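Numbering (the working numbering), first residue to last: 148 to 294. Ideal Cβ positions, reconstructed from N, Cα and C, are used throughout, including at glycine. All figures in this text were calculated on a predicted structure; none of them were measured in a lab.
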Amino acid sequence: MYHKPSSIQELPFSEEIACGGYHTCVVTNEGKLYSWGSNENGCLGLGCTDMVRIPQSVENCFLKSAVSEVSCGWKHTAAVSDGKIYTWGWGGANGTFFEDGHSSGGQLGHGNDFDYLQPMLLNLGDDVRALHVSCGFNHTGGIFEYY
Numbered sequence: 148m149y150h151k152p153s154s155i156q157e158l159p160f161s162e163e164i165a166c167g168g169y170h171t172c173v174v175t176n177e178g179k180l181y182s183w184g185s186n187e188n189g190c191l192g193l194g195c196t197d198m199v200r201i202p203q204s205v206e207n208c209f210l211k212s213a214v215s216e217v218s219c220g221w222k223h224t225a226a227v228s229d230g231k232i233y234t235w236g237w238g239g240a241n242g243t244f245f246e247d248g249h250s251s252g253g254q255l256g257h258g259n260d261f262d263y264l265q266p267m268l269l270n271l272g273d274d275v276r277a278l279h280v281s282c283g284f285n286h287t288g289g290i291f292e293y294y
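Structure (structure tokens):
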């Protein structure tokens with residue numbers, strides 16, 4: 148079956164899109180973050196694990212500044228806002244692949260394997276500025292500036 152691509156009417160013009168295993172996020176021109184998809188382990192950052200079929204605004208206390216970048220892993224997400232990284236979703240505790248020999252967690256960078264249903268600030272210290280973030284299947288990396 149062939150489906151013709153179409154624009155998503157619910158979204159303002161967007162600068163960036165990132166796709167994970169079963170979820171998608173976009174950053175708009177105004178720096179607002181939207182997400183939709185399966186939401187397994189809270190990877191959409193909406194405070195729940197319900198499937199979302201149309202884009203929803205990720206509104207959280209971390210949104211004091213515009214989001215400049217977003218990246219999606221398999222079931223986790225990371226964003227840069229005002230030089231800080233926020234991560235959420237699958238931390239490894241629920242539904243891990245440990246039995247299959249894969250990662251048992253840690254991809255959120257909070258020192259545990261908890262799932263976070265909302266964006267959580269990654270503690271990098273006061274003398275570090277995040278420039279970029281990138282999520283892989285079950286890992287996250289960043290480029291930082293130290294001052």
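Contact defined as beta carbons within less than 8 Å: I believe residue i pairs with residue j. What is the distance between those atoms, to the nearest angstrom?
i: G220; j: C282; result: 3 Å
i: A165; j: S212; result: Not a contact, Cβ separation roughly 19 Å.
i: W183; j: V199; result: 5 Å
i: D296; j: G272; result: The requested residue 296 is not part of the displayed model; the chain covers only 148 to 294.
Could you check whether residue j and residue i sit closer than 7 Å to each other, using their CB atoms as the reference points?
i: Q254; j: H286; result: yes
i: Y233; j: P266; result: yes
i: G258; j: L269; result: no
i: G238; j: K222; result: no
i: L180; j: V214; result: yes
i: S185; j: H170; result: yes
i: E162; j: V174; result: yes
Which of the three DSSP states is assigned to residue i in this structure?
i: G373; result: The requested residue 373 does not occur in the structure, where the chain is confined to residues 148 to 294.
i: E292; result: strand
i: G189; result: helix
i: S153; result: coil
i: G248; result: Note that G248 has pLDDT 49, beneath the 50 cutoff, so the model's placement of it is unreliable and no number is given.
i: E206; result: coil
i: W183; result: strand
i: A213; result: coil
i: H279; result: strand
i: H170; result: strand
Which residues share a DSSP beta bridge with residue i?
i: K231; result: S228
i: L268; result: Y233
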